[in-house]
Amino acid sequence: MKKFIVTIIAIFAALAVAGYAILSVDWNRFNKEHYYTVVTEEVEIEETVISTGEVMTRYWYDFTSYDENGQEQVLELSAAKQLRAGAYLRIYVKDDNVVTSYDEVKFEDIPQNAQQQLQ
Numbered sequence: 142m143k144k145f146i147v148t149i150i151a152i153f154a155a156l157a158v159a160g161y162a163i164l165s166v167d168w169n170r171f172n173k174e175h176y177y178t179v180v181t182e183e184v185e186i187e188e189t190v191i192s193t194g195e196v197m198t199r200y201w202y203d204f205t206s207y208d209e210n211g212q213e214q215v216l217e218l219s220a221a222k223q224l225r226a227g228a229y230l231r232i233y234v235k236d237d238n239v240v241t242s243y244d245e246v247k248f249e250d251i252p253q254n255a256q257q258q259l260q
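For what it's worth, this note's numbering labels the leading residue of the sequence shown as 142, then goes sequentially.
Take a look at the structure:
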């Protein structure tokens, strides 16, 4: 009986750890291709009025970006805030052109082949 209780506790502990791990993973970044770009001044602003009367603003960017091999890809990115001009971005992409997320990065963190294309 004692082994049975210890086994049940171990199973619940393992399930709790697995559940936490699954919930803490950012699936928009997990197992995606990375592209790198620099933010320019060119932005299209889209304003939408929702039912409460509040105005929601989206900023749309078209970027020429490069993967770690220096291969070019044109990507469209939507952001809830205006991005800082001159900032370098790592863009997470699935299915060749669907942007799922982005992070601002330092130039030194960009792969060498992409750095050469961005200079």
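Here a beta-carbon is modelled for each residue, glycine too, at the ideal position from N, C-alpha and C. Keep in mind that this is a model prediction, so the values were computed, not measured.
Boundaries (first-last residue) of the beta strand (DSSP E) holding residue i
i: Leu218; result: 213-220
i: His206; result: Before going further, note that residue 206 is Ser rather than His in the sequence given. 196-207 is the span of the beta strand (DSSP E), which, as asked, contains Ser206.
i: Val190; result: 185-190
i: Ile232; result: 229-235
DSSP-derived helix/strand/coil call for residue i
i: Leu259; result: helix
i: Ile146; result: helix
i: Val158; result: helix
i: Asp244; result: strand
i: Leu224; result: coil
i: Ile163; result: helix
i: Glu182; result: coil
Assumed close pair residue i, residue j - CB separation to whole angstroms, cut-off 8 Å
i: Val234; j: Val240; result: 6 Å
C-beta contact flag for residue i and residue j at 9 Å
i: Ala221; j: Glu182; result: no
i: Tyr229; j: Val179; result: yes
i: Asp198; j: Thr189; result: According to the sequence as given, residue 198 is Thr; it is not Asp. In this structure, Thr189 lies closer than 9 Å to Thr198 by Cβ.
i: Asp203; j: Glu217; result: yes
Cutoff 6 Å; reference residue i; Cβ partners in own chain excluding five residues on either side
i: Ser219; result: Arg199, Trp201
i: Asp244; result: Arg231
i: Val215; result: Thr205
Close Cβ partners of residue i (< 8 Å) along its chain, the five nearest in sequence each way excluded
i: Glu213; result: Thr205, Ser206, Tyr207, Gln258
i: Ile251; result: Tyr177, Tyr229, Arg231, Leu259
Own chain, CB closer than 7 Å to residue i, minus 5 neighbours either side, in chain order
i: Glu209; result: His175, Pro252, Asn254, Ala255
Distance cut-off 8 Å: residue i Cβ against heavy atoms of the ligand ZN
i: Phe204; result: The ligand ZN is not part of this structure, which contains no ligands at all.
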